[in-house]
Structure formats: C-alpha cells, structure tokens
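A.B. asks: One structure follows; several queries about it will come next.
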Amino acid sequence: MKKQTVEERKAQSLIELRDYELLEREEEENQIGFIVKTDKTKAIIS
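Under my numbering, the first residue of the sequence shown is numbered 31, with each subsequent residue one higher.
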C-alpha cells in the first residue's frame, strides 16, 4: 500500500467534505492534483 502525503490526505478530505465528485487524479513527479466536479463548475485541487 502506498503512503499518502499530508497534502494528499487534506485534498481528499476536502473533496469528501464538500461532496465533490472526483473526475480525475493527476500525478506528476512530486505533485498530485485532483480534478473534481462541483454543482456548477470544475475545481482543481492541488
């Protein structure tokens, strides 16, 4: 099992708390980004 960084856990908690729908998870070298669907628009959480 892969260890999650603090930032990744914070982002996933924010996605769950705000009831966003995860559309895509992007991972580059040392950065992870999440593209989520909100009620009206898309939001990028990184």
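Cβ coordinates follow ideal geometry from the N, Cα and C atoms, glycine included.
1. Going by CA-CA distance only, name the one from 62, 37, 57, 51 that's closest to residue 70.
2. Since residue 66 sits in a beta bridge, which residues does DSSP pair it with?
3. Would you mind sorting residue 36 into buried or exposed? The rule is 16 or more other CB atoms within 10 Å of its CB.
4. Is residue 42 helix, strand or coil when you go by DSSP?
5. Would the beta-carbon of residue 65 fall within 7 Å of that of residue 58?
C.D. replies: Let's see:
1. Taking the sequence shown and counting its residues from 1, the one referred to as residue 70 is at position 40. It is 51 whose Cα lies nearest to the Cα of residue 70.
2. Locating residue 66 in the sequence shown gives position 36, counting from the first residue. In DSSP, residue 66 forms a bridge with 52, 73.
3. Position 6 of the sequence shown, counting from 1, holds the residue named residue 36. It counts as exposed.
4. For the purposes of this step, residue 42 is identified with residue 12 of the sequence shown, where counting begins at 1. If DSSP states are grouped into helix, strand and coil, residue 42 belongs with the helices.
5. The residue given as residue 65 occupies position 35 in the sequence shown. The residue given as residue 58 occupies position 28 in the sequence shown. Going by C-beta atoms, residue 65 is not nearer than 7 Å to residue 58.
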